[in-house]
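In the numbering used here, the protein residues as written are 341 to 587.
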């Protein structure tokens, strides 16, 4: 996954695409509605890779931390943030390992394309990691592939049948499972929405299978709520309760 580093031009194009995405619009809307602004928020991206979302948060003034189990991924992230002259903290950490060093430290924990790479009880454990690192009253945003997205499932099946699937274990989520596991992890005010049906058509059946296609990342569809490419989970960690039982 981390043998190749995109050129600066390619990297800029990838970031610009994320800025136009409905996922980023969702994140900004939720953070501004909840915290008033993105600037000065303490955020952590779990399983960060090169930190796409952390870059956009840092551009808006958030104080970002990137955690990943891969040294190679973190090295790429450091070089990326240096190139963009953005501040960030980087640390090697296992999502399923002890996170005591990071417990209760952040306003926001987020991940994108991470927790679907686990099975069984580890799926809840990966969500619980988001809960662990945020403060009481903090929030988590988790992006995962939608099990009901037909273009994505056809693309994945095709690559698996050809022996070309590069991502290892990847079990997409239905909304019901994502909400259930989030509640089991301790989150409250939990909601999940689907986005990106046309994005999935363009990405999975256009560029990936046909070798080209339009960039439909910001094109809405009536099918988004059912077959959107991404499921976005929003959840809050409850406020601390004092010894008298008052919030």
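Where is the CB? At the ideal position from N, CA and C, for every residue including glycine.
Since the structure is predicted, the reported quantities are computational estimates derived from the model, not experimental observations.
- The beta carbon of residue 457 is closer than 7 Å to those of 508, 509, 510 in its chain, skipping five residues each way along the sequence.
- One thing to note: residue 525 has its Cβ no nearer than 8 Å to the Cβ of residue 488.
- CA-to-CA, the gap between residue 473 and residue 535 works out to about 26 Å.
- Counting only runs that start and end inside the region 443-485, the beta strand (DSSP E) elements of at least 3 residues fall at 446-452, 474-485.
- By the C-beta density criterion, residue 391 is buried, having at least 16 other C-beta atoms within 10 angstroms.
- Separation of residue 527 and residue 355 (C-alpha to C-alpha, rounded to the nearest whole angstrom) is 30 Å.
- Under the 8 Å Cβ criterion, the region 561-569 counts as touching the region 484-501, having at least three qualifying pairs.
- Inter-residue distance for residue 372 and residue 378 is about 6 Å (C-alpha atoms, whole angstroms).
- Rounded to the nearest angstrom, the gap between the Cα atoms of residue 445 and residue 413 is 23 Å.
- Contact between residue 574 and residue 517 does not hold, since their C-beta atoms are separated by about 16 Å, which reaches or exceeds 8 Å.
- C-alpha of residue 395 to C-alpha of residue 359: approximately 10 Å in a straight line.
- Around residue 468, the same chain offers 525 as residues with beta carbons nearer than 6 Å, after the five sequence neighbours per side are excluded.
- Just so you know, the alpha carbons of residue 559 and residue 416 end up roughly 31 Å apart.
- The beta carbons of residue 484 and residue 513 sit about 5 Å from each other, so the pair counts as a contact at 8 Å.
- Within 10 angstroms of the beta-carbon of residue 383 lie 16 or more other beta-carbons, which makes it buried.
- Residue nearest to residue 554 within the set 562, 563, 544 is 544 (criterion: CA-CA distance).
- Fully enclosed alpha helix (DSSP H) runs of no fewer than 4 residues occupy 392-399 of the region 376-403, in order along the chain.
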